[in-house]
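Engineer: Dumping the structure here so I can ask a few things about it.
Residue numbers (my numbering): 1175 to 1611.
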């Protein structure tokens, strides 16, 4: 009896100690990165900053006080505006907001891993996520990936809880988190629709399953519909989240870009020129509804004229979603060797080698481990289905409607980490008996 009690006590202490150690190391790594990396302002970062400060100052979601925003979802600028209302207009403090999001995401991953595979697996998966360099080595700039990762992890946790719950309010909470995620990144809309099917798994009656699905959808719509109505009244067009699909359809269907961003400045300028809308009158011109409608029309026409080409580009973007295109790998379109050499000269061989190794070895390794884990735990496929559905659903939204790649796998990498830790732990437990013999 005493031995069993000691084992349970140790089982609680060691995961907690691991989480505390990983937390301290992760916070130190983030503090070092924030203090040693200067802020870099990109167009979308400046856009978020402008929207947030105008929202905090004027109470309106505008770019210049008169022109409303049409490109992005409102949640990240709203969170950033609330942050600015507290600390003032301090863009250099925004990385600390991202650190808070990382902490929240790691906690949600711990809860997911613990619920599905036990506290040790949850603690290891959360620690791996918080220490994973891609979450803290990015430039400390205004970006929404940290908030999106937190929301995705919270949504995943709520979805896993729903699988074991008979209560309608659990599905309503998952629906609210789904709606918030959609307002953060419209590309999650495909995932939001597909997760409704999870309400119909299980042995309950069809009526109860339908009530769950309705609660989930109504809660999601409760969050999304006010913004959709705002867009219709402002732009006289139905836009559930944003109007940014036009740029995605145009640039994503262009074979010169291979359908994926980033790319060299010369390539991007060439693609914009072929759209017939350059020179742009001001920095935010591509975010205007009129520009987006033009790009959407031109992009859809090119897709219908060359469907096989667009299908192939979609396949390449599926690869780029996880790995990144050649320009993303080495920050150059001069070829792999010359690009790697130039990247090493700019950032050092250690960082450049890690950057390439992460995309060519680490991410593919996580994907293969996750697939292996799914096969090993195939008997529990319904219980583990959210871990499969979230990566596939988010990827589907990105590869169909955007040109972004590479870093956008970050919000769903925790799913792969939980699965990878589970299968490695299973192998360890299978090997131990043989060693004891």
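Using N, Cα and C, we set each Cβ at its ideal position, and we do this for glycine too.
So, residue 1247 versus residue 1358, is the Cβ gap smaller than 8 Å?
Structural biologist: Their beta carbons are under 8 Å apart, which means residue 1247 touches residue 1358 by this criterion.
Engineer: Should residue 1150 and residue 1370 be called a contact, given that it needs their Cβ atoms to be closer than 8 Å?
Structural biologist: Because the chain here runs from 1175 to 1611, residue 1150 falls outside it and cannot be looked at.
Engineer: Closest Cβ-Cβ distance between residue 1206 and chain B: below 8 Å?
Structural biologist: Annotation note: the requested chain B is absent from the structure, which comprises a single protein chain.
Engineer: Classify residue 1490 as helix, strand or coil using the three-state DSSP reduction.
Structural biologist: Three-state result, residue 1490: helix.
Engineer: Using the three-state DSSP reduction, which class does residue 1576 fall into: helix, strand or coil?
Structural biologist: It is coil, neither helix nor strand.
Engineer: Short of 7 Å in beta carbon distance, which residues of its chain neighbour residue 1582, apart from the five on each side in sequence? Order them along the chain.
Structural biologist: Taken in chain order, the residues that qualify are 1495 and 1572.
Engineer: Report the residue from 1596, 1520 and 1574 whose alpha carbon sits nearest the alpha carbon of residue 1545.
Structural biologist: Answer by Cα proximity: 1596.
Engineer: At which residue ranges does the segment 1507 to 1538 contain complete alpha helix (DSSP H) runs of 4 or more residues, listed in the order of the chain?
Structural biologist: Counting whole runs of 4 or more residues, the segment 1507 to 1538 contains the alpha helix (DSSP H) stretches 1510 to 1521 and 1523 to 1531.
Engineer: Assuming residue 1421 and residue 1466 are in contact, meaning their beta carbons sit under 8 Å apart, how far apart are those beta carbons, in whole angstroms?
Structural biologist: Indeed, because the Cβ distance is near 7 Å, the residues count as touching under 8 Å.
Engineer: Find the nearest neighbour of residue 1283 within the set 1204, 1323 and 1443, judged by alpha-carbon distance.
Structural biologist: Residue 1283 has its Cα closest to that of 1323, out of 1204, 1323 and 1443.
Engineer: Distance check for residue 1511 and residue 1600, CA to CA, integer angstroms please.
Structural biologist: One C-alpha to the other measures close to 39 Å.
Engineer: When the Cα of residue 1480 is compared with those of 1503, 1509, 1513 and 1426, which residue comes out closest?
Structural biologist: The residue with the shortest Cα to Cα distance from residue 1480 is 1426.
Engineer: Tell me the DSSP secondary structure of residue 1178 in three-state form.
Structural biologist: In this predicted model, residue 1178 has a pLDDT of only 42, less than 50, meaning its place in the structure is not dependable; the value taken from the coordinates is given anyway. Helix at residue 1178.
Engineer: Quick check: what's the CA-CA separation for residue 1191 versus residue 1236?
Structural biologist: Distance between the alpha carbons of residue 1191 and residue 1236: 47 Å.
Engineer: Apart from the five residues just before and just after residue 1344, which ones in its own chain have a Cβ nearer than 8 Å to its Cβ?
Structural biologist: So the list reads 1332, 1335 and 1336, once near-sequence residues are dropped.
Engineer: With respect to the alpha helix (DSSP H) encompassing residue 1235, which residues constitute its N-terminal and C-terminal limits?
Structural biologist: That residue, residue 1235, is in no alpha helix (DSSP H); it is neither H nor E in DSSP.
Engineer: Inspect the beta-carbon positions of residue 1350 and residue 1250 and report whether they are closer than 8 Å.
Structural biologist: Against a cut-off of 8 Å, the Cβ pair of residue 1250 and residue 1350 comes out as no contact.
Engineer: Cβ of residue 1433 within 8 Å of Cβ of residue 1393?
Structural biologist: No, Cβ-Cβ distance for residue 1433 and residue 1393 is not below 8 Å.
Engineer: Residue 1188 by DSSP, collapsed to three states: which one?
Structural biologist: Residue state, collapsed to three classes: helix.
Engineer: Going by CA-CA distance only, name the one from 1536, 1416 and 1589 that's closest to residue 1280.
Structural biologist: The shortest Cα separation from residue 1280 among 1536, 1416 and 1589 belongs to 1589.
Engineer: Does the segment 1194 to 1208 come close enough to the segment 1303 to 1313 to have 3 or more Cβ pairs within less than 8 Å?
Structural biologist: Yes, since at least three Cβ pairs between the segment 1194 to 1208 and the segment 1303 to 1313 fall closer than 8 Å, the two stretches touch.
Engineer: Of all the alpha helix (DSSP H) runs that stay within the bounds of the segment 1349 to 1417, which reach a length of 4 or more residues?
Structural biologist: You should have 1363 to 1368 and 1380 to 1409.
Engineer: Considering only residues of the same chain and omitting the five flanking positions on each side of residue 1175, which have a CB-CB separation below 6 Å?
Structural biologist: Unreliable positioning characterises residue 1175 in this predicted model, as indicated by a pLDDT of 43, which lies under 50. A coordinate reading is not provided.
Engineer: Residue 1242 bridges to which residues according to DSSP?
Structural biologist: Answer by DSSP bridge pairing, in chain order: 1236.
Engineer: Return the CA-CA distance between residue 1227 and residue 1258, expressed in angstroms with no decimal places.
Structural biologist: Near 7 Å, if we compare the C-alpha coordinates of residue 1258 and residue 1227.
Engineer: Please classify residue 1523: is it buried, with 16 or more other beta-carbons within 10 angstroms of its beta-carbon, or exposed?
Structural biologist: Classification for residue 1523: exposed.
Engineer: Have a look at 1252, 1484 and 1378 and flag the residue whose alpha-carbon is nearest the alpha-carbon of residue 1222.
Structural biologist: With distances taken between Cα atoms, residue 1222 lies closest to 1252.
Engineer: Just the C-alpha distance for residue 1519 and residue 1448, rounded to the nearest angstrom, thanks.
Structural biologist: For residue 1519 and residue 1448, the distance between alpha carbons rounds to 34 Å.
Engineer: For residue 1263, collect the residues of the same chain with a Cβ closer than 7 Å to its Cβ; drop the 5 residues on either side in sequence, then sort them by chain order.
Structural biologist: Only 1227 meet the Cβ criterion.
Engineer: Kindly indicate which residue of 1329, 1542 and 1503 has the alpha-carbon position closest to the one of residue 1526.
Structural biologist: Selected option, being the one with the closest Cα: 1503.
Engineer: Locate the alpha helix (DSSP H) running through residue 1462, then write down its first and last residues.
Structural biologist: Looking at the DSSP string, residue 1462 is not in any alpha helix (DSSP H), and its letter there is neither H nor E.
Engineer: Does DSSP put residue 1272 in a helix, in a strand, or in coil?
Structural biologist: Residue 1272: helix per DSSP, three-state reduction.
Engineer: Quick one: measure Cβ to Cβ for residue 1296 and residue 1285, integer angstroms, because I've assumed they're closer than 8 Å.
Structural biologist: Contact holds; Cβ gap of about 7 Å.
Engineer: Using the C-alpha atoms, what's the distance from residue 1194 back to residue 1441?
Structural biologist: Approximately 46 Å, taken between the alpha carbons.
Engineer: CB-CB under 7 Å to residue 1339, same chain, minus the five flanking residues each way: which ones, in chain order?
Structural biologist: Excluding sequence neighbours, residue 1339 sits near nothing in its chain.
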